[in-house]
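Undergrad: First the structure, then my questions, so here it is.
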Amino acid sequence: MTFSFEILLLILLLVTAAGAILVKDLMSAILLLGSYSFFLALVWAWLGAVDVAFVEAVVGAGLATVLFLLTLFGTAPKDSRLRRPPPPIAALFALPLLGVLLLYAANDLPKFGDPTSPASTHISPAYLERSYQDTQTPNVVTSVLMDYRSLDTMVETVVIFTAGIACALLLRRQAS
Amino acid sequence: MTTFFLFVLVVLVILIGAYLYRVLQGPTIFDRVLGLNGISTKAIIVLVLMGTVFERVDMFVDIATGYALLNLMGALAVAKYLEQKGLP
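Chains X and Z, in that order, are what the protein sequence lines are. Position one of the first sequence corresponds to residue 3 (our numbering), numbered consecutively onward. Position one of the second sequence corresponds to residue 58 (our numbering), numbered consecutively onward.
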């Protein structure tokens, strides 16, 4: 039963992704991308990554739609390349081959939720045991983000801040 | 009880498929917007139901609320775009 529900979600994900690429009207592509990231959020939530699902639902389905629409304000609403060139033959053969290779390699990964996988035998217990003594933070996720990987988080914040400034400048010029 | 919730989840996702047909196929932009709004109403229920299946309703209610608020904002943005640019 659980398995079939995952399959349903993945089918919806594939349908929306293909529709967003194939549809000619860019406005419809934006709406389809919004539903695509919502289904992605459902998949994250189903796999137990609630934080990632929250970010995907808020940023992907909410904020990205608005940003894309603001882009459409400044550009044309139609896809001007109505007659797209067909994909090259090499890509048609090489990409499915790559997919098969990746699926074959994924066989060696530990099963989902496996308690004996390396990640859950070495890293997770160490964080759970030591994080409170090391950082005095009751929330483990916060201590990992803000203490163990604080440099990472800082540079990420710099990237997002720069993107925000760029968006603000572009939108201001468009308004005047 | 979990089986019941799972059954409801599957039925809701199949219903989302019906809305998705309208979003993909819809001849006018309003069909697509309405289909997307219908998907989002199902989406909120699906998220809360997932929370009951995992027995972590409190976190999933947060996601559902955030999604509902931002989806309203998306619909407003679409309406404002159509108002300023006219129908495509």
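All C-beta atoms, glycine included, are put in the ideal place defined by N, C-alpha and C.
Looking at PHE117/Z: is its Cβ nearer than 8 angstroms to the Cβ of ALA47/X?
TA: It is a contact, given that the beta carbons lie within the stated cut-off.
Undergrad: Got a sec: is the Cβ-Cβ distance from ARG79/Z to anything in chain X below 8 angstroms?
TA: Chain X, which has no Cβ nearer than 8 angstroms to the Cβ of ARG79/Z, makes this no.
Undergrad: Given that GLY123/Z touches chain X, what residues does it touch there, using C-beta distances under 9 angstroms?
TA: Here the neighbours are PHE56, ALA59, VAL60, GLY64.
Undergrad: Do SER37/X and VAL80/Z count as a contact pair if the criterion is CB distance below 8 angstroms?
TA: Against a cut-off of 8 angstroms, the Cβ pair of SER37/X and VAL80/Z comes out as a contact.
Undergrad: Could you name the residues of chain Z that LEU68/X contacts, counting a contact when the two beta carbons are closer than 7 angstroms?
TA: Looking at the sequence shown, residue 68/X is not Leu but Val. Going along chain Z in sequence order, the residues near VAL68/X (Cβ under 7 angstroms) are MET130, GLY131, ALA134.
Undergrad: Would you verify that the beta carbon of ILE101/Z is, or is not, closer than 8 angstroms to some beta carbon of chain X?
TA: It does not: the Cβ of ILE101/Z has no partner Cβ on chain X nearer than 8 angstroms.
Undergrad: With a floor of 4 residues, list each alpha helix (DSSP H) that falls wholly inside the region 98 to 168 of chain X, ordered by position along the chain.
TA: As far as the region 98 to 168 of chain X is concerned, its whole alpha helix (DSSP H) runs of at least 4 residues are 126 to 137, 142 to 145.
Undergrad: Smallest Cα separation from ALA19/X: which of ASP27/X, PHE7/X, LEU42/X, SER6/X?
TA: Taking only the C-alpha atoms, the option nearest ALA19/X is LEU42/X.
Undergrad: At the 8 angstroms Cβ level, is ASP119/Z part of the contact set with chain X, yes or no?
TA: Taking Cβ atoms only, chain X reaches closer than 8 angstroms to ASP119/Z, which makes this a yes.
Undergrad: Could you run through the region 16 to 49 of chain X and flag, in chain order, every residue whose CB is less than 8 angstroms away from some CB of chain Z?
TA: Of all residues in the region 16 to 49 of chain X, VAL17, THR18, GLY21, VAL25, ASP27, MET29, SER30, LEU33, LEU34, GLY36, SER37, PHE40, ALA43, LEU44, ALA47, TRP48 have a Cβ within less than 8 angstroms of some Cβ in chain Z.
Undergrad: Which residue marks the beginning of the alpha helix (DSSP H) containing THR122/Z, and which one marks its end?
TA: From DSSP, the alpha helix (DSSP H) with THR122/Z extends over 114 to 142.
Undergrad: From THR137/X to SER145/X, what distance separates their C-alpha atoms?
TA: One C-alpha to the other measures close to 7 angstroms.
Undergrad: For chain X, find out if any of its Cβ atoms is closer than 8 angstroms to the Cβ of LEU63/Z; answer yes or no.
TA: Closer than 8 angstroms to some Cβ of chain X, the Cβ of LEU63/Z qualifies, so yes.
Undergrad: Can you list the residues of chain Z that PHE7/X reaches, using a CB-CB cut of under 8 angstroms?
TA: Going along chain Z in sequence order, the residues near PHE7/X (Cβ under 8 angstroms) are LEU63, LEU66, VAL67, VAL70.
Undergrad: Would ILE96/Z pass as a contact of MET29/X if the rule is Cβ separation under 8 angstroms?
TA: No; because the gap between Cβ atoms is not below 8 angstroms, this pair is not in contact.
Undergrad: Which residues in chain Z sit within 8 angstroms of PHE75/X, going by Cβ to Cβ distance?
TA: Ordered by position in chain Z, the residues that pass the 8 angstroms Cβ test against PHE75/X are TYR138, GLN141, LYS142.
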